[in-house]
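Chains as they are written, first to last, in our numbering: chain A, 1 to 114; chain B, 1001 to 1112. From the three backbone atoms N, C-alpha and C, an ideal C-beta is built for every residue, glycine too. Note that the structure is predicted; figures quoted are calculated from it, not measured. Working notes for the structure below.
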């Protein structure tokens, strides 16, 4: 089954606007993590939200988690051109032991236009 | 700040050749992973390694793949006989005990 499906697949906004990306998943999770990837580069961890948390903030990032709907959203406020990247959600599945492999979505490609 | 380092950043190899992708995880980390990302596709889990043995592997991680932690610092992924479809970005990751994994910059493998 698919896990960690993001929408939209692509998002184009103007600098200063807010960007919202959504992620849905199918099975119970320990936590959900958001990562960023600049074109062809490495994966940078942004924020982790545990299954018993509903909202978390880090700088201009706000993440929500709704376990009843099995969905999460990532909000980037006051976007900058440097926020242009792909954003991925990754889920750490419940009852997967301590292995904690991550299951990834396809990502949202965000373009912030100056 | 400690980081996961991967070498080389880009490797081009002929089909059928063996390649070894190298990773130096963060020094006090205990769990190690390889993931891959075919261009335009999802990041996929390949294998996890803990206590000097594979703890889990995916269907992708067949007999052509192997991992080693030969000297307590390096963590390598070997592909014995590369195929065109092995072309991808390969990411190494490590974590200590908490849930957050730290990723390297990746090795782009191109099989020609």
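- A residue is called buried once 16 or more other Cβ atoms fall within 10 Å of its Cβ, and residue 92 of chain A is buried on that count.
- Contact between the region 60 to 67 of chain A and the region 1019 to 1036 of chain B is absent, with fewer than three C-beta pairs closer than 8 Å.
- For the region 25 to 45 of chain A, the beta-carbon criterion of a distance under 9 Å to any beta-carbon of chain B is satisfied by 30, 31, 33, 35, 37, 40, 41, 42, 43, 44 and 45.
- Below the 7 Å Cβ cutoff, chain A contributes 99 and 101 as neighbours of residue 1048 of chain B, in chain order.
- Under the 9 Å criterion on CB atoms, residue 48 of chain A is classed as interfacial with respect to chain B.
- Here the C-alpha atom of residue 1070 of chain B lies approximately 18 Å from the C-alpha atom of residue 1064 of chain B.
- If you look at residue 1015 of chain B, you'll find it isn't in any beta strand (DSSP E); DSSP assigns it neither H nor E.
- Within the DSSP bridge table, the entry for residue 68 of chain A names no partner.
- The DSSP assignment places 1043 to 1050, 1053 to 1057, 1065 to 1068, 1075 to 1079, 1088 to 1095 and 1107 to 1111 as complete runs of the beta strand (DSSP E) inside the region 1032 to 1111 of chain B, in order along the chain (cut-off: 3 residues).
- Beta-bridge partners assigned by DSSP to residue 77 of chain A: none are found.
- Straight-line measurement puts the Cα of residue 1112 of chain B at about 8 Å from the Cα of residue 1083 of chain B.
- Close partners of residue 1081 of chain B in chain A (Cβ separation under 9 Å) are lacking, with about 25 Å as the shortest Cβ gap.
- For residue 1055 of chain B, the chain A residues whose C-beta falls within less than 7 Å of its own C-beta are 99, listed in chain order.
- Within chain A, the residues placing a beta-carbon under 9 Å from that of residue 1045 of chain B are 101, 102, 103 and 104, ordered along the chain.
- The criterion of a C-beta distance shorter than 9 Å is satisfied by residue 70 of chain A and residue 26 of chain A.
- At least 9 Å separates the CB of residue 1025 of chain B from every CB of chain A.
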